[in-house]
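Trainee:
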Amino acid sequence: LAPGLDLVVLGLGVNGHVGMNEPGSAADSPTRKVDLAPETIAGSARYLDPANRHPDRLPTWGVTLGMAAIRGARRVWVWVTGTGKAEIVRACVEGPSGEDRPASLLAAHPACTWWLDEPAAALLDRR
91 LAPGLDLVVL GLGVNGHVGM NEPGSAADSP TRKVDLAPET IAGSARYLDP ANRHPDRLPT
151 WGVTLGMAAI RGARRVWVWV TGTGKAEIVR ACVEGPSGED RPASLLAAHP ACTWWLDEPA
211 AALLDRR
């Protein structure tokens with residue numbers, strides 16, 4: 091895994107992506123250009139085109155730090171807010187790890203912290 095990163099701070103996409111590592115990203119994926127999933131493109135609209143005036147100008151690709159570098163960081167923080175992310179939080183934190191939800195690949199990281207507000211944490215098993 092890539093050495094050198096002390097802290098990686100990420101958000102979580104509704105499809106389980108982190109850092110534009112869309113579903114299908116392997117645990118050892120490198121930094122690279124990626125095509126964005128339709129959910130990611132739609133999610134970017136609230137920040138980049140809130141008035142929905144130029145939906146044809148939303149990004150369809152990006153450059154991402156690969157999962158190898160993210161997983162190789164000494165610490166990883168995943169910040170998530172809102173009820174709309176509760177299901178994917180539960181799937182990534184409590185479900186099986188896999189490339190279909192790249193954030194779930196962080197389950198094996200020794201120093202990954204999930205920072206969740208109450209709505210985002212609402213579906214987690216708190217036993």
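Take any residue in the sequence shown, count from 1 to its spot, add 90: that is its number in my numbering. Positions of the beta carbon are idealized from the N, C-alpha and C atoms, including for glycine. On a predicted model such as this, the values are computed, not experimentally measured, just so you know.
#1: Under DSSP, the alpha helix (DSSP H) around glycine 133 begins and ends at which residues?
#2: In this structure, does DSSP put arginine 180 in helix, strand or coil?
#3: Just the Cα atoms here: how many angstroms apart are isoleucine 131 and lysine 123?
#4: Grab the span of the alpha helix (DSSP H) containing arginine 161 for me, first residue to last.
#5: Rounded to whole angstroms, what is the Cα-Cα separation between methionine 110 and arginine 217?
#6: Looking only at DSSP bridge pairs, what is valine 98 linked to?
#7: Please check the pair glycine 114 and alanine 193, which I expect to be a contact at CB under 8 Å, by giving their CB distance rounded to whole angstroms.
#8: With DSSP as the reference, identify every bridge partner of arginine 122, one or two as the case may be.
#9: Quick one: Cα of cysteine 202 to Cα of alanine 212, how far?
#10: Residues in the same chain with beta-carbon distance under 8 Å from alanine 135, minus the five sequence neighbours each way, listed in chain order, please.
#11: Taking the alpha-carbon of arginine 161 as reference, which of Lys175, Asp215 and Ser119 has the nearest alpha-carbon?
#12: Quick one: is glutamate 112 buried, meaning 16 or more other Cβ sit within 10 Å of its Cβ, or exposed?
#13: Which residues in the same chain have their Cβ closer than 8 Å to the Cβ of aspartate 96, if we skip the five residues on either side of it in sequence?
Mentor: In short, the structure shows the following:
#1: 128 to 138
#2: helix
#3: 15 Å
#4: 157 to 162
#5: 32 Å
#6: Val166
#7: Between alanine 193 and glycine 114 the Cβ distance is about 13 Å, and since that is not below 8 Å, they are no contact.
#8: Thr154
#9: 20 Å
#10: Asn142, Pro145 and Leu148
#11: Ser119
#12: buried
#13: Ala163, Arg164 and Arg165
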